[in-house]
Structures are given as structure tokens and as C-alpha cells.
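Asks: The structure follows.
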Amino acid sequence: MSGLITLEHLRFGYAADRPMVLPDLSLEIPPGTVTAILGPNGAGKTTLLHLVLGLLAPQGGVVRIAGRPLAEYGRRELSRQIALVPQAEHIPFDFTVLEYVLLGRSPYLGMLEMPGPADYRVAQEALALLGLPDFAARPVTALSGGERQMAALARALAQEARILLLDEPTSHLDLSNKGRLLQTLRVLAGRGTTIVFTTHDPEMAVLAAQYVVLMRAGEIVDLGPIETVMTADRLTATYGTPVQVVRVDERPVVLLDPAGLGSAGG
Amino acid sequence: MTTTALRPRPSVAALLAGLGLTLVAVLVLSIFFGRYPVPYWIPPDLLFTDDMAQRLVLGLRLPRLIVSLALGMSLAAAGTVMQMIFRNPLVEPGFLGVTQGAAFGAALSILFLGSSLLVVQGVATFFALAGLALSYLLARYMRFGGWVLRLVLAGIAVSALFSSGVGVLKYLADPLTQLPEITFWLLGGLWGVTWRDVWIVLPVVIPGLLIVYLMRWRLNLLSLNDETAFSLGTAPGRERTVLLVAAVATTAAVTAIAGIVGWVGLIVPHLARRLTGANAQHTLPAAMLIGGMFAVICDDLARALLPGEIPLGILTALFGALLFIILMVRTTLRVQS
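Here is the structure:
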């Protein structure tokens, strides 16, 4: 297998009496690539990330990281391989941003160990890479949703994992933070980090990813390089609503197709 | 280069050292504080000349001081652990059925198994754990509200169940022999503590506090979303269980000696966070030191302020509630649901 992350015939459902979220999913993600999991809400994107993370155990099939089944990894070992930026994080206590980012060093600390100077350095480098060094002393609870997401990204960077999973990373970001996120993802990709993120926003997929996986109702509609997959008919099939793809400077831009929506929308 | 230090603020280390020294001073002063031979002070030289003063200090005051210190540290540590693990700054051991469970266990044991301290302590510990488990399960099966709300509601319901159980046991108890013992439980107090109590309580409290103290960085991780805590290498279920059992065991051990002493576990972690910030690496030792100080000072007042003993639980509730009101009015208490 050449994929760094390999999913083989994954089956997953949250409860036996409810339909499977992922009936049968296979996917291979090569190392050093940026992949977008694109699809409407409820397509099973977050479930897919949680399966790769090992937080959820599949009812059938296997997840492999670097060829080894996920179940063979120890908790600490795996957390050095895979970092996660969750969709929204509720933090009930007012850690400073630096303390919060430092939590990302935990995979390198023993069960009873406290972070040392080297860990503080890595945490501050992560903040600097995101352009947030001034945030270090601010309480996380005082940050806006977007700033908090950037802090979560900094925490994931401090983890120094070779795989970075992001769940709807742009959901709370304004344009400047979105730009900052894209830039950071490029730097990380340049360093060889394998990045997988979910999004329901086609623009984010086009801007950040090389590969895209179109998902709908737990099934893969199509996958491949951006240029070949982001077509009007495939996106229409994915979202179940008429979609147009126009080109701006060779870059595909995805728009709702007003002609196909009927008269109600004007 | 930024101006932020590469290490935790030195002020935190200085603060902890200051708290530690203050606690030592409070302990030393407490040895001399009392009502013999006159209120409120034993002249130190009396310890070498007066046989009665010597026996009083070594036989009664010292063990009581040690137990009150253990009590305050345990309740504060348990409060910090529970607030962080349940991701709710409003929980304390008493809110989750632990204290009322322990009281019920103690009353049950006094009524049916005799008042041997070891038995009372064992039964109290069992019901303290049962109270926590019941609250937790009830919160999981409740069908409305967020996790925090459900947990608080479940804790209130379970505590009320145990407390009505205590009421029934009080009704059944012999009013001359058993009832006073049970009543003692409900008010909370450390009169009559001897070295025997010290030897019973310390073997539980020391390892329990040590586990919590050593795992304090993990506590930070466990206060995050499950998915984040997991991605950072924790086994959230297992590690939460270890910390909770340590916290509840120490709470049950001191509660078995002292009865219900409320508010320490709720208010002290808030005070500690005000001083050191939310990072449990610093909050936990600060809470333990402040909790020890709080309980020792309250117990000093309980035994020496008036000619008769004031139940400790009344004093901790009084000062705890006052502090709580001050913190709330000054809006430093951040609560998100």
C-alpha cells in the first residue's frame, strides 16, 4: 500500500437500529498531500475523521496508518502521528493561549511529566507561525470563535504530527483568518505534513487542497485531483442542488445555479 | 523575539512558595491557638513546663491539626479534579452525591454495624462512590439539557435521595446513643479527633493526593472536548476514572472523620484559579495549600472562638458562601454551559 492513511471497507453506524453512517468506504491518502473531504452537512465527514483518529472504532473494515492497523498503535504513539483541530471546542476554563497551545506537547510528555523549556519553545514557534505571538498571554475564553480556531490550530501544530486532521476549519473564520489558515496549511504541506480536512465549502477545497473526496450520505461520489473532480454535474450530484462551475484565472469557482433553482428564489 | 517568557511566570512559583510559607505559619500559630490556659494563646514556654499544656498540644491539638489540614487539602483537590473532569466550574464533591452518600453510609453503619471507625469509614467510602456513580449514570440517561446541567441536576437528585435516607435512619436511630453520632455527621466537626484517626485517614489521603498532584497536567487535557483529549494521547475514560477514584476516596476518608464539611471543594478551586490562572499544573497545588489553610483556620475558630465547640461545617459554609458571593458580585466567576 502506498497510502499513508488507508481505509479499507470501513463500515460504521452510531446505533444498531439506525442506518449506517458509512456503509462501505475505502480510501487511500498518499503522504505529503492536502485532501479535502467535501460534501453537504450530514454526509459523514466528521465521522470519517473520527474513524481515522481512532476515536470511533469501525464495525467492519480497517484503518491503517503507514501500513499498520490503527489498533496496533499505543495511545501516545498515535497522538504523535495524528493531530486534530476539532470543529468547535468548548473550553470551560480560562487557560492562556500559550498554556492551551502547550497542551499540544502532551504526546511527548510522560503521564506524570510537566512541559519543559523545549516544549514552551515549540508552543511559541507554533504561535509565531500563525502570526499570533501577541496572543500568548490572553485567556482563551476571551477569544472570538475564529481566534479560538486559530489557537486550536496552533495547539495541533505544537503536536508536530505528520498527519493533521481539521474538521470544518473555516466555519468561524473571517477572510483574514481564512487567508492565514490557507497560508499555514501551505507551509505545513511544504514541510511534508499530510493534511486532511472536511468542509462543506467548495471554495476552501479549491484553495487549499490538491485532492478532493466528494461525499454524500456516507458514500464517495467521486475523488481525485481538484481539476478533474470539481465539475458542475458531480457537485450537483453531491449537494443535490444545481451548481455552476466557472473559471476565474483557471481556478474553478463553484456557484449555485439560479436557473436550476426555480422561480421561488427570484 | 517576543517578550513572553519561555518558562511559566516566575510569579506563579513565588506565589506558590508564599502560600506554602503562609500555610506553615498558620499551622505553627494554630498549635498555640486555643483556650488553655486562657483564651486564645498558650505561651510557648508553657509547653516545656506545663504537663497539661504538653499533653493538650501533643495528644489533642496536633492530631486535630493534621486531620483538618488533610481535610482541607482533600476537599480542595477533589473539587478541582471534579470541576475540571466534568468541565463544570460549579461542581464540588457535595454536588455529585459524594458527601451525602458518605453521610448515608456512615449513618447506616452507625445504626446497623456499630460505630467502629474503620467500618464507618469503609461503608462511607462505598456509598460516596455509589453516590458519584449514580449521579453520573443518571446524568447520562437524562433526556434534556446540556451535559453540565444534567450533571448538576442528577447530583442534586441523588444527594436528595441520600439525604432523605439519612432522615429515615435518624428517625430509626436510638435517640440517646446513635442519633447524636449521626447528627455530628450532618454538622461536620473534628472534636474528639485522636492520633488513631490520623493513622486511619493518612494512608488514604496521602496516596490519593499524590496521584491527583502528579497527574495534574493530564487534568488540563481531560478538561477539553473528548475528541481533543483523545487526539492528544489520553485515554479519557480510563484517566478520568483514576483521578475520580483518587478524589472520591480522599473525600470519603476525610468525610468519615469530619462529617459533612461543605463549600471548601467549591470555593477554594475558584480562589486558586483567580491567583494562578486555569492551568492545573499551578491551580492544583495552590488549591491544596489554600484549602488546607482554610480548613485549619476554620477549625481553629471552631474549637477556640467560643467556650463551646462550633461545628466546623457551619463555619466553612458561612465563610465559603460569603466568598462565593464576593466572587460572583465581582463577576470573576466564569461559567459557560
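As you go down the protein sequences, you meet chains H and D in turn.
The first sequence maps to residues 797 to 1062 in the working numbering.
The second sequence maps to residues 11 to 347 in the working numbering.
Positions of the beta carbon are idealized from the N, C-alpha and C atoms, including for glycine.
Every value quoted in this text rests on a predicted model; they were computed, and no experiment measured them.
1) I want to verify the contact list: residues of chain D whose CB lies under 9 Å from the CB of R871(H), in sequence order.
2) On a CA-only basis, which of L961(H), A839(H), V1025(H) and L905(H) is nearest P819(H)? Give me that one, please.
3) Note down, in chain order, each residue of its chain lying with its Cβ closer than 8 Å to the Cβ of L232(D), except the 5 sequence neighbours on either side.
4) Ordered along the chain, which non-local residues of its own chain (more than five positions away) have a Cβ less than 6 Å from that of W195(D)?
5) Which residues, in order along the segment 883-909 of chain H, keep a beta-carbon less than 8 Å from a beta-carbon of chain D?
6) Chain D partners of A1033(H), CB-CB under 9 Å?
7) Where does R226(D) fall in DSSP's three states?
8) Would Q291(D) pass as an interface residue toward chain H - the criterion being a Cβ-Cβ separation below 8 Å?
9) Please look up how many angstroms separate the CB atoms of V264(D) and G89(D), rounded, as I've assumed it's under 8 Å.
10) Given that a residue counts as buried once 16 or more other Cβ atoms are within 10 Å of its Cβ, and exposed if not, what is F304(D)?
11) According to the Cβ coordinates, are I959(H) and T990(H) closer than 8 Å?
12) If the cut is a Cβ gap below 9 Å, which residues of chain D does L849(H) touch?
13) Kindly say whether L16(D), judged by its beta-carbon, lies nearer than 8 Å to any beta-carbon of chain H.
14) Mapping DSSP to helix, strand and coil, what is L899(H)?
15) I'd like to confirm something about V34(D): is its beta-carbon nearer than 7 Å to some heavy atom of the ligand HEM, or not?
16) Rounded to the nearest angstrom, what separates L849(H) and R814(H) at their Cα positions?
17) Quick one, which of S173(D), A80(D) and L332(D) has its alpha-carbon nearest A262(D)'s?
18) To which residues of the same chain is A23(D) closer than 6 Å at the C-beta, ignoring the five residues directly before and after it?
19) Buried or exposed, going by whether 16 or more other CB atoms sit within 10 Å of the CB of P99(D)?
20) Report all residues from its chain with a CB closer than 7 Å to the CB of M11(D); omit the five preceding and five following residues, and keep chain order.
21) Counting contacts by CB-CB distance shorter than 8 Å, is A1101(H) in contact with chain D?
22) For the segment 919-969 of chain H, which segments carrying the beta strand (DSSP E) assignment without a break, of at least 3 residues, lie completely within its bounds, in sequence order?
23) If distances are taken between C-alpha atoms only, which option among V222(D), G301(D), R206(D) and R97(D) comes closest to T32(D)?
24) Counting only Cβ pairs nearer than 7 Å, list the residues of chain D close to A879(H).
25) Could you name the residues of the same chain whose beta carbon sits closer than 6 Å to that of V1008(H), not counting the 5 residues immediately before and after it, in chain order?
26) Does G287(D) have its Cβ less than 8 Å from a Cβ in chain H?
27) Along the segment 827-846 of chain H, what residues have a CB closer than 7 Å to any CB found in chain C?
28) Do V108(D) and S119(D) have their C-beta atoms closer together than 8 Å?
29) Candidates L984(H), R1047(H) and V881(H): which alpha carbon is nearest T995(H)'s?
30) Checking contacts by CB at 8 Å: is S875(H) closer than that to chain D?
31) Is it right to say M225(D) is buried, meaning 16 or more other beta carbons lie within 10 angstroms of its own, or is it exposed?
32) So is M92(D) in contact with chain H if we call contact Cβ pairs under 8 Å?
33) Over the uninterrupted alpha helix (DSSP H) stretch that includes E999(H), give me the two end residues.
34) CB-CB under 8 Å to V1049(H), same chain, minus the five flanking residues each way: which ones, in chain order?
Replies: On the basis of the coordinates in this document:
1) What R871(H) touches in chain D: F240, G243, T244 and A245.
2) The residue with the shortest Cα to Cα distance from P819(H) is A839(H).
3) M94, I95, A239, T244, P246, E249, R250 and L253.
4) By the criterion of a C-beta distance shorter than 6 Å, W195(D) is surrounded in its chain by A113, A116 and G269, once the five residues flanking it on both sides are discounted.
5) The segment 883-909 of chain H vs chain D, Cβ under 8 Å: E885, H886, I887, P888, F889, D890, F891, T892, L894, E895, L899, G900, S902, P903, L905, M907, L908 and E909.
6) Those within 9 Å of A1033(H) in chain D number zero; the least Cβ separation is about 30 Å.
7) Taken through DSSP and simplified to helix, strand or coil, R226(D) comes out as helix.
8) Interface residue, yes.
9) That pair is no contact at about 12 Å.
10) Buried is the call here.
11) Yes, they are a contact pair.
12) Neighbours of L849(H) on chain D, chain order: E237, F240 and S241.
13) Below a pLDDT of 50, predicted positions are generally treated as unreliable, and L16(D), at 45, falls in that range; the measurement from the model is reported next regardless. Look at L16(D): its C-beta is under 8 Å from a C-beta on chain H.
14) If DSSP states are grouped into helix, strand and coil, L899(H) belongs with the helices.
15) The ligand HEM is not part of this structure, which contains no ligands at all.
16) Roughly 23 Å separates the two Cα atoms.
17) Per the Cα distances, A80(D).
18) Non-local beta-carbon contacts of A23(D) in its own chain, meaning distances under 6 Å to residues more than five positions away in sequence, are absent.
19) Here P99(D) is buried, its C-beta having at least 16 other C-beta atoms within 10 Å.
20) Since pLDDT at M11(D) reaches only 38, below the 50 mark, its modelled position is unreliable, and no value is offered.
21) It is not possible to answer for residue 1101(H), since the shown part of chain H is limited to 797 through 1062.
22) You should have 959-963.
23) Ranked by Cα distance from T32(D), the first of V222(D), G301(D), R206(D) and R97(D) is G301(D).
24) Think of a sphere of 7 Å around the beta carbon of A879(H): the chain D residues whose beta carbon falls inside it are S241, in chain order.
25) Cβ neighbours of V1008(H) beyond the five flanking positions: A832, L834, A1001, I1022 and V1025.
26) Yes, because at least one Cβ of chain H sits closer than 8 Å to the Cβ of G287(D).
27) This model lacks chain C altogether, as its protein chains are H and D.
28) Taking C-beta atoms as the reference points, V108(D) and S119(D) fail to come closer than 8 Å.
29) Closest option to T995(H), Cα to Cα, is V881(H).
30) The Cβ of S875(H) sits closer than 8 Å to at least one Cβ of chain D.
31) Around the beta-carbon of M225(D), 16 or more other beta-carbon atoms lie within 10 Å, marking it buried.
32) Interface flag for M92(D) against chain H is unset, since no Cβ pair is found closer than 8 Å.
33) From DSSP, the alpha helix (DSSP H) with E999(H) extends over P998 to A1004.
34) In the same chain as V1049(H), and ignoring 5 residues on each side of it, the C-beta atoms closer than 8 Å to its own belong to E999, V1002, V1041, V1042 and R1043, in chain order.
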